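What follows is a single structure, written as structure tokens, with notes after it.
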Amino acid sequence: MMEHGLLTSKFRGTLQGALIGDCCGAPYEGEPMEVGTKVVLKKFLQKLSGPYFSTPAKPYTDDTAMTISVAQELIETRGVNQEKLAKRFVQRYFVSPNRGYGNGVIELFNKFRSSRFQNIEQLARDQFSVRGSFGNGAAMRVSPVALFCVGSESEMVELVRKQAHITHSHKLGVNGAILQAIAIHQSLHLNPMKPIDTQNFVEELMRKMKPIEKDENDIDDGKPEPYHEQLKEIQTLLATEEPSDEVVLNNLGHSVAAPYSVPTAIYCFLRSLSEIKDIPVENPFMRCLEYAISLGGDTDTIASMACAISGAYYGESIIPPSLLKHCEASEEVSSLADALNQALPK
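Heads up, the sequence shown stops at 328 in our numbering, and the numbers go up one at a time, no gaps.
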């Protein structure tokens, strides 16, 4: 059994990491990451993590808004009640709508309200010409589920599915959330004082995802096991010395689609465990943060997912306190991590 202090630190590190990646990645979402932009990013992160820099807190996006709702639901319900969680999502959106919510989820939230939160899963299935969403929205908010189910991976998978189905019915969207949760779950159980065998880490993910993906042959995407294929790409990249950003993006992607962002986040975490030539940063959490954002694309979500995994592995001690203080709702997120820890079955 893990020592309680370390588990507390890992819980905090997970949610703090998710918040920091979101807040720091948001300004760069969709920006072309030219050499000059990467220099600006480097200076931006150095200032935020330094002890003497004063600036208004960086706002969080829909990623953190929905993560907070999931955490509150788990703490208060000791599980996931879909109607209650949908109401939390909608209430938080209408209180603060300008956080980068996608048009699809805004439309869905309006349908939830007008239907009085009836037939939630059916409304989600009706999205995108009855195909459902395969975006990364269910994955970006999943970290509290991995914490709440730290003692049971099977329960975690079921709760991940349950929370995902509120907004995502496409298996690629749901299974992307499961993969992200498993990556966090694995990291929670690892000793941060012992180096990770990155190839074995990915092998474990592949082994666990195989039965989950086995029924995906009905998906018309040309690949019966898309996440298994992406995880193999990660292994190839990890075995390659200093692959270029172009190679990484060509192989893994950086879009809002779950298959082209969740594996990218996992790769960012694993690659940042060791030195990266163009990111001479000693702190591996900071290296993960900078690298994830430097790849461009859906920067807030990819950085949030990558840093959640990093925080789950290292714990909160790896996170510069100044950086955390520069993020909106940092105290609330830390308190939620503690409350999730207290909510664990005794």
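Just so it is clear, CB atoms sit at the ideal spot from N, CA and C, and this is done for glycine as well.
Nothing here was measured: the structure is a model prediction, and the numbers come from that model.
- Unbroken beta strand (DSSP E) runs of length 3 or more, entirely within the stretch 203 to 272: which are they? Here no run is fully enclosed.
- Along the alpha helix (DSSP H) that carries Leu90, what are the first and last residues, could you check? Where Leu90 is concerned, the enclosing alpha helix (DSSP H) stretches over 85 to 96.
- Leaving out the 5 sequence neighbours to the left and right, which residues in its chain are closer than 6 angstroms to Ile248 when beta-carbon positions are compared? Ala165
- Query: Over what stretch of residues does the alpha helix (DSSP H) that includes Asn323 continue unbroken?
  - Reply: 312 to 324
- Using 8 angstroms as the threshold, is the stretch 65 to 79 in touch with the stretch 151 to 167, meaning 3 or more CB pairs across them? no
- Message: Which residue wins for smallest C-alpha separation from Val156, given the options Leu172, Ala290, Met138, His171?
- Response: Met138 is the residue among Leu172, Ala290, Met138, His171 whose C-alpha sits nearest the C-alpha of Val156.
- Message: I need the straight-line Cα distance from Glu272 to Ala240, nearest angstrom please.
- Response: 21 angstroms
- Query: What is the residue span of the alpha helix (DSSP H) that Phe99 lies within?
  - Reply: Segment: none, Phe99 is in no alpha helix (DSSP H) and carries neither H nor E.
- For Phe(-7), the three-state DSSP class (helix, strand or coil): helix
- Message: Quick test of the definition: if touching needs 3 or more C-beta pairs under 8 angstroms, does the stretch 48 to 67 touch the stretch 293 to 301?
- Response: At 8 angstroms Cβ cutoff, the stretches do not touch.
- Contact under 9 angstroms by Cβ, Val132 with Val52: no
- Message: Rounding to the nearest angstrom, what Cα-Cα distance links Lys331 and Ser317 in this structure?
- Response: Nothing about residue 331 can be reported from this structure: the residues present for the chain run from -17 to 328 only.
- Message: Output needed for Val13: all residues of its chain with C-beta closer than 8 angstroms, excluding positions within five of it in sequence on either side, in chain order.
- Response: For the record, residue 13 in the displayed sequence is Glu; it is not Val. If we look at Glu13 and ignore the five residues flanking it on each side, its Cβ neighbours are Thr19, Gly278, Thr281.
- Task: Return the chain-ordered list of same chain residues with a C-beta closer than 6 angstroms to the C-beta of Ala325, the five sequence neighbours on each side being excluded.
- Result: Ile57
- What's the gap between the Cα of Gly(-1) and the Cα of Ser96? 35 angstroms
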